[in-house]
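The structure appears right after this line, and notes come after that.
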Amino acid sequence: MDYETIKYLSRKAARESARERREPRVFTAEQIAARDVRIPNLGDRCPRNWVRVSLEAEADDHGVYMGDNRGKGAYFVDKSGCGAPGEPAMTLDEFFTRMKPGLGYAMVEEGQFQVKVGVFAVRTAGRARAARKEAA
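Under this note's numbering, think of the first position of the sequence shown as -16, with each following residue one higher.
Now the structure itself:
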């Protein structure tokens, strides 16, 4: 796929995910260990009440793409199952070792053979402000 097609599909996935109210999925350690994960496609959309987690600390690591992902980075993962360690896209096994329980994961861009997976956290600042207002 060319770059324009991938960007078009990303915008389309964002519209569909908004309509279906999809959010990043949070996995337990057991789900990650069992490889029991289904990652939703949000396209270039960050749902309300979520924030992207920066992967800048891992920027020099294999399979971390810092490019155009709102400056936060994304994991570049082979989705075909045919990838091998050492290729630009990390294998599924390499990706599973990077996943952390309690964080949300969603595809932010999808190509024919690879995906970019963003890491998300639940936004808490707004809730703290609302709680202070209620207490006052």
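Using N, Cα and C, we set each Cβ at its ideal position, and we do this for glycine too. Since the structure is predicted, the reported quantities are computational estimates derived from the model, not experimental observations.
Proximity of residue i and residue j at Cβ, strictly below 8 Å
| i | j | result |
| --- | --- | --- |
| TYR48 | ALA40 | no |
| GLY26 | VAL98 | no |
| ASN24 | GLU77 | no |
| MET73 | PHE59 | yes |
| ALA(-3) | ARG18 | no |
| PRO71 | THR11 | no |
| ILE22 | TYR88 | yes |
Collapsed DSSP secondary structure at residue i in the structure displayed
| i | result |
| --- | --- |
| LYS(-5) | helix |
| GLN97 | strand |
| MET67 | The amino acid occupying residue 67 in the given sequence is Ala; Met does not appear at that position. ALA67 falls in the coil class under three-state DSSP. |
| ALA118 | Any reading at ALA118 is ruled out, since the residue's pLDDT is 43, under 50, leaving its predicted position unreliable. |
| ASP76 | helix |
Burial state of residue i (16 or more Cβ within 10 Å)
| i | result |
| --- | --- |
| PHE103 | buried |
| PRO30 | buried |
| TYR(-14) | exposed |
| GLY46 | buried |
| PHE96 | exposed |
Alpha-carbon spacing of residue i relative to residue j, whole angstroms
| i | j | result |
| --- | --- | --- |
| TYR(-9) | ILE15 | 31 Å |
| ARG8 | VAL20 | 9 Å |
| LEU75 | GLY69 | 13 Å |
| ARG106 | ARG35 | 9 Å |
| ASP126 | GLY54 | In the structure as shown, the chain starts at -16 and stops at 119, and residue 126 therefore has no counterpart that could be examined. |
| ALA42 | GLY101 | 13 Å |
| THR80 | ARG5 | 25 Å |
| LEU86 | TRP33 | 10 Å |
| LEU122 | GLY50 | Absent from the structure is residue 122, since the part of the chain shown begins at -16 and ends at 119. |
Inter-stretch contact (C-beta, 8 Å, three-pair minimum) for the stretch -3 to 4 and the stretch 59 to 76: no
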